[in-house]
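Here the protein sequences come in this chain order: F and V. 147 is the number that numbering that gives the first Met the number 0 gives to position 148 of the first sequence; each next residue is one higher, with no gaps. 259 is the number that numbering that gives the first Met the number 0 gives to position 260 of the second sequence; each next residue is one higher, with no gaps. Glycine is no exception: its CB is placed at the ideal position from the N, C-alpha and C atoms. Encoded as structure tokens, the structure appears first; notes follow it.
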Amino acid sequence: MSLALPAPDMDRAITRISHEILERNSGSESITLLGIPTRGAHLAARIASKIEAIEGKAVQSGTLDITLHRDDLRMRPPRALMPTTIPALGVENRNVILVDDVLFSGRTIRAALDALGEIGRPAAVQLAVLIDRGHRQLPIRADYVGKNLPTSLSQIIKVQFTELDGVDEVTLEEGNA
Amino acid sequence: MRHLLSIADLSATQAIQILDTAEELSRVSDGPMKKLPTLRGRTIVNLFAEDSTRTRISFEAAAKRLSADVINFSAKGSSVSKGESLKDTAQTLQAMGADAVIIRHSASGAAQRLADSQWMTGSVINAGDGTHEHPSQALLDAFTIRKNLARGGNDLTGIRVAIVGDIIHSRVARSNVLLLTKLGAHVTLVAPPTLLPAGIESWPVTVAYDFDSVIADVDVVMMLRIQLERMSEMFFPNVREYSHYFGLNRDRLKMMKPNAIVMHPGPMNRGLEITADSADSARSVILQQVTNGVTVRMAILYLLLAGSQESGAQL
């Protein structure tokens, strides 16, 4: 197991992503952050508080559960549904930024785009991830990346947040495949 | 979870999982787009060998909101009325590729028979079998009670429920007693002795014969329909006397606790077990029950059908 992103670097990456989001969208007025549970939701909350600290005003932030739109439902036992909370201004004509912890095959994001389409029609959709580990199976890329981490398919990336796991860090484990 | 046959088979954890799933799904139903792609390509058969309005429509709406294909099959106008057996019907449905069969039948145990047989491989959901069980109704009732009254927790601890009326013929009462007590509620059954089943002493409930002595203490009053179609003998002297002693009316409504709610699984005999003004009062959550019925049934279908059958968690 190796430490890919220790706590201070993780914090710096989140700070940089927050600044990039603000730069690209000319402030926080037009943006709505939607984190994909579980850890994407925590990452979105972190980014939201950074942006609020920088801009000095509240930012629209919520969560989007994509379970019902997954294309691999039939391959696994039923999954528990997680909460979807859409902030007050909705997604209609907003710059929606999907937030997830790890970008891998891209299938989660495809499902998220479908789930988002059910709710409304955003002006634009952008994607922020903490780790991009490659191995895409769909034509999807992230607009904001904390760290590009080349991996082999058998490796396992573990993102941890203090709120859930007691520690902030990203580790890379050798899988047994 | 492969089949949903009875509440007796469910653990409290599994029941709460269904309620929590329904909670998340209810937010989808409240949204602008009511259709989800989750069960696309699955075929669900509504096999109703007994009359039903809301259960059949509710399951149909639930299945359609999850994009499943629904085939409705009622005994009237089908080969069942020509004397086709359950086995032949099931094998026919299997040959047509049904992923799940939702069955209502006048014989207690019909759903169990279907699930235990090798006649078909799909999931079986019991939508009411004789006087045995009606699990989806109990789940939607528990969901409605939890939404209205739960004190923070995800179960029904400390909530007092009175189930009033035709207990002996009621599969709704049977399933509700099992589920509500499993989730921590206290249940009192109120009925004339003739409408209580034999062996009631072994149920985990309190029994009362005097509605007025109970009504002021409970959080939920669940009225049951007098099932005239199942009554081949005299269970009470006449309808007026029954209404007087066991009906819910304006005077009894006034005796209820401030936040207490009135439930009825439907269809109602207005003027018999419940007066029209009680059914339409602010305390009544009867229409909420119908709405919640769709989301709870979506949760059941999701948990039974969305995952893989092979690795499906046993529920």
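Exercise for the section: With DSSP collapsed to three states, give me the class of R15 of chain F. Expected result: helix
Problem - Per DSSP, cross-strand counterpart(s) of K180 of chain F - result: The structure shown does not extend to residue 180 of chain F, since chain F spans only 0 to 176, so no value can be given for it.
Problem - Member of V:A298, V:V186, V:F210, V:S307 whose CA lies at the smallest distance from the CA of M81 of chain F - result: V:A298
Practice task
Quick one: which unbroken beta strand (DSSP E) runs of 3-plus residues sit fully inside the stretch 160–216 of chain V? Chain order, please.
Solution key: Qualifying beta strand (DSSP E) stretches, in chain order: 185–189, 205–207.
Exercise for the section: Answer with yes or no whether the minimum CB distance from S174 of chain V to chain F is below 9 Å. Expected result: It does not; no Cβ of chain F falls within 9 Å.
Exercise for the section: Could you pull out every residue in the same chain whose Cβ sits closer than 7 Å to the Cβ of V144 of chain F, ignoring the five residues on either side in sequence? Expected result: The beta carbon of V144 of chain F sits closer than 7 Å to the beta carbons of V128, D131 from its chain, once the five residues preceding and following it are set aside; these are given in chain order.
Problem - N- and C-terminal bounds of the beta strand (DSSP E) containing F72 of chain V - result: 68–73
Handout entry: Cβ pair T51 of chain V, G129 of chain V closer than 9 Å
Key = It is worth fixing the name first, because residue 51 of chain V is Ser in this sequence and not Thr. Contact: no.
Handout entry: Interface flag, P76 of chain F vs chain V, CB-CB below 9 Å
Key = yes
Handout entry: Below-9 Å beta-carbon distance, T12 of chain V vs any chain F residue
Key = By this cut-off, T12 of chain V is not an interface position.
Problem - Element boundaries [alpha helix (DSSP H), containing I118 of chain F] - result: 106–118
Exercise for the section: Out of F:H134, F:L42, F:N24, state which residue places its alpha-carbon closest to the alpha-carbon of Q11 of chain F. Expected result: Looking at the sequence itself, residue 11 of chain F is Arg, so the reference to Gln does not match. Looking at the Cα atoms, F:L42 is the closest of the given residues.
Practice task
Tell me, please, whether the stretch 27–38 of chain F touches the stretch 84–96 of chain F by the rule of three or more beta-carbon pairs shorter than 8 Å.
Solution key: yes
Problem - Through-space distance from Y301 of chain V to G311 of chain V, alpha-carbon basis - result: Interpretation of G311 of chain V is limited by its pLDDT of 43, a score under 50 that renders its predicted location unreliable; the figure taken from the coordinates is listed afterwards. In a straight line, the C-alpha of G311 of chain V is about 12 Å away from that of Y301 of chain V.
Practice task
Output yes if chain F places a C-beta closer than 9 Å to the C-beta of A312 of chain V; else output no.
Solution key: Model confidence at A312 of chain V stands at a pLDDT of 44, short of 50, so the residue's coordinates are unreliable; what they give is reported in the following sentence. Taking Cβ atoms only, chain F reaches closer than 9 Å to A312 of chain V, which makes this a yes.
Exercise for the section: Could you have a look at I183 of chain F and say whether DSSP puts it in helix, strand or coil? Expected result: Only positions 0 to 176 of chain F appear in the structure, and residue 183 of chain F is not among them; the question remains open.
Exercise for the section: Evaluate T274 of chain V with the Cβ neighbour count: other Cβ atoms within 10 Å of its Cβ, from every protein chain shown; 16 or more gives buried, anything less gives exposed. Expected result: buried
Exercise for the section: Would you mind working out which of F:I155, F:G165, F:I85, F:I13 sits nearest I50 of chain F, comparing C-alpha positions? Expected result: F:I13
Problem - Nonlocal neighbours in the same chain, by C-beta distance under 6 Å from H185 of chain V, ignoring five residues either side - result: R159
Practice task
Report yes if the CB atom of L303 of chain V is closer than 9 Å to the CB atom of F142 of chain V, and no otherwise.
Solution key: no
Problem - Closest Cα partner of N258 of chain V within the set V:E228, V:A137, V:E22, V:A215 - result: V:A215
Problem - Contacting residues, own chain, Cβ-Cβ under 8 Å from V293 of chain V (five flanking each side not counted) - result: S28, S57, A60, A61, R64
Practice task
Using a Cβ-Cβ cut-off of less than 8 Å, give me the residues of the stretch 81–114 of chain F that come near chain V, in sequence order.
Solution key: M81, P82, T83, D113
Exercise for the section: Compile a chain-ordered list of the residues in the stretch 136–158 of chain F whose CB is closer than 8 Å to at least one CB of chain V. Expected result: none
Exercise for the section: Within its chain, find whatever has a CB closer than 8 Å to the CB of T150 of chain F; leave out the 5 residues flanking it on each side and keep chain order. Expected result: R132, G133, H134, I156, L171
Exercise for the section: Measure the alpha-carbon distance for A14 of chain V versus S135 of chain V and round it to whole angstroms. Expected result: Straight-line spacing of the CA atoms in A14 of chain V and S135 of chain V works out to 11 Å.
Problem - CB contact flag (E132 of chain V, L177 of chain V, <9 Å) - result: yes
Practice task
Could you tell me which chain F residues have their CB closer than 7 Å to the CB of A305 of chain V, listed as they occur along the chain?
Solution key: L72, P77
Practice task
List in chain order: all unbroken alpha helix (DSSP H) runs of 4+ residues lying wholly within the stretch 70–157 of chain V.
Solution key: 85–94, 109–115, 134–148
Exercise for the section: Starting from D64 of chain F, find everything on chain V with Cβ-Cβ shorter than 8 Å and list it in chain order. Expected result: E23
Problem - Distance, L195 of chain V Cα to I167 of chain V Cα - result: 5 Å
Exercise for the section: Could you name each continuous beta strand (DSSP E) segment of 3 residues or more that falls completely within the stretch 227–289 of chain V, going from the start of the chain to the end? Expected result: 260–262
Practice task
Name the one or two DSSP bridge partners that T37 of chain F has.
Solution key: In DSSP, T37 of chain F forms no bridge with anything.
Exercise for the section: May I have the straight-line CA-CA distance separating S242 of chain V from V163 of chain V, to the nearest angstrom? Expected result: 11 Å
Exercise for the section: From the DSSP output, read off the bridge partner residues of F47 of chain V. Expected result: V:S73, V:R103
Practice task
Just mark L163 of chain F as buried or exposed, buried being the case when its beta carbon has 16 or more other beta carbons within 10 Å.
Solution key: Per the 10 Å Cβ criterion, exposed.
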